[in-house]
Amino acid sequence: MFPIRLEAVTPFRKLNNNSRRINIHYKKEKKGNKNFIGNFLHNKTQEDSDKSGITQQFIDMQNARLKDKHTQVKLEQDAQLNEEHTQVKAGQDTQIEQESVHQNVKEQENLLETDKVTISLNQGELLIVTGPENSGKNELLLQIAGIKKIHSGKILYFDEEKLPRNRKNYLIYVPSSQLFFENRTVEENIVIMCELANIPFNYASRKIKPLYYIYGLERMKHTVVKDLPKSINSILSLFVMEIIMPEVLIIGTQDFYGDQISEDFFFERLSYIKNKGIAIAIASQRFGNLNYADKILLLSEKEILFNGTKRDLEQLSTGQNIEIGLMEILEKSYHKKFGK
C-alpha cells in the first residue's frame, strides 16, 4: 500500500515535531464477507418483494370489496331516484292533464260562436266589426287575419278559403296596441316600417312627401313619437299602410282618446284607401262609424248576432236606421238570454 501523511487526511495536529511517515496497511477482506452482504441484500430484497406481493393482494381484495359495496349502494340509490322520478313524473302528468282539461273547458267557454257563419272579405269592401266592450271584436279580427284558429264557420278572402302563399304584403294586421318606436321620430318610424315591409326606398320616398301634407304630419316628422298626442298613433299607422298598400288590411280597435276630428279623418281616409281596391276589416265600438261600412258584423258576448250589409240592417230596423237596427238586435238578444 502507498504510505500517506496523517496530517494530509485529518485535522488533528502532528504527534511530534519530527516528520515521520506512518505506514498504514489495509488488510484485504475475505470473500466470504462480501458474499454474506450480497446474500443478505438479496434475501432482504426477496423478502420485501414477497411482503409487497402479499400487501398488494390485500389491497386488491380491499378495493374489490369497496367497489362491490359502492356498486351496491349506487344501484340502491339509482333505484330510489328512479322510483322518486316516476312518482314525480306521474304527479306532473296528472297535473298537466288536469290543467289541459281545465284549459280546454276554459277555451270552450271563451270560443266565439261562429258556427255556420261565413265571413267574406272582398276587393274594395270595408267590413266593420262592432259591439259592446269585451264582446270579442279583436279576437274575431285575429281569426280573420289567420293569427288565431277559427273553430267553426268560414272566412273567405276574395272567395278563397286559404291565404295565398309567398304573396308579398298580401295581408297586414295592425294591432290595437302601440305599433311604433316611441323614442324615434315620426320620419324614422315611417322609414323603419317601410323597410320591414321590404318597400324600396325610392318608391316609398315618392309617396311619403305628398302624404305628409294630406295627413297633416309635415310639421311633426322630426318629433319623437312619445311627444305626440296619443290619437296620432292611429293616423300614423294608416299613413304607413297607405304606402305599403296590402291587398287585405285588418285593423284592431283604435283608441282616439276622445279626439273626434282625428277619428273622423281616419275613417274618411280608410274609405278612400278601400276604394283603391283593398279589402279592409276594422273593429269599432262607435256606431257612428258604421256609415263608412259596406258590411257590418255585430258581436255580443262572443256571439255573432248580425253579419250583412247596411241595406240588410236597414230592412231589419223598424225605422230603417242602422243604429236603431243594431240596438233592436242587441235588445232581442238580451231578452232571449235573460228573459226580460
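Residue numbers (our numbering): -2 to 337. Positions of the beta carbon are idealized from the N, C-alpha and C atoms, including for glycine.
| Item | Value |
| --- | --- |
| For the alpha helix (DSSP H) that E320 lies in, which residues bound it at each end? | I319 to F335 |
| Check for me: the beta strand (DSSP E) holding K151 runs from which residue to which? | K151 to Y154 |
| Since T306 contacts K292 with CB under 8 angstroms, what's their CB separation in whole angstroms? | 6 angstroms |
| When burial is assigned at 16 or more other CB atoms within 10 Å of the CB, is M217 buried or exposed? | buried |
| Roughly how many angstroms lie between the CA atoms of Q257 and F263, to the nearest whole one? | 10 angstroms |
| Near M117, what residues of its chain come up, given a Cβ to Cβ distance below 6 angstroms and the 5 sequence neighbours on each side ignored? | In the sequence as displayed, the identity of residue 117 is Ser instead of Met. L153. |
| Is the region 194 to 211 touching the region 229 to 242, taking contact as three or more C-beta pairs under 8 angstroms? | yes |
| Distance check for S281 and T115, CA to CA, integer angstroms please. | 20 angstroms |
| How many Å lie between E244 and V171 at the Cα? | 14 angstroms |
| So for V126, helix, strand or coil by DSSP? | strand |
| Using DSSP with H/G/I as helix, E/B as strand and the rest coil, what is Y200? | helix |
| Classify N119 as buried or exposed, calling it buried when 16 or more other Cβ atoms lie within 10 Å of its own Cβ. | exposed |
| Determine whether the Cβ of I152 lies closer than 7 angstroms to any Cβ atom of chain D. | Reference to chain D is not applicable here, since this structure consists of a single protein chain. |
| Look at the alpha carbon of L193 and the alpha carbon of K299, and state the distance between them as a whole number of angstroms. | 34 angstroms |
| By how many angstroms is the C-alpha of I187 removed from the C-alpha of E311? | 40 angstroms |
| Within 8 angstroms, do at least three Cβ pairs link the region 175 to 183 to the region 128 to 145? | no |
| Measure how close the beta-carbons of L339 and A278 come, nearest whole angstrom, since I'm counting them as under 8 angstroms. | No information on residue 339 is available, as it lies outside the stretch -2 to 337 that the chain covers here. |
| Going by CA-CA distance only, name the one from E184, V221, R164 and T220 that's closest to N195. | R164 |
| Nearest to G285 by CA position, among V126, R162 and V222, is which residue? | V126 |
| Taking all protein chains shown into account, do 16 or more other C-beta atoms lie within 10 angstroms of the C-beta of L295, making it buried, or fewer, making it exposed? | buried |
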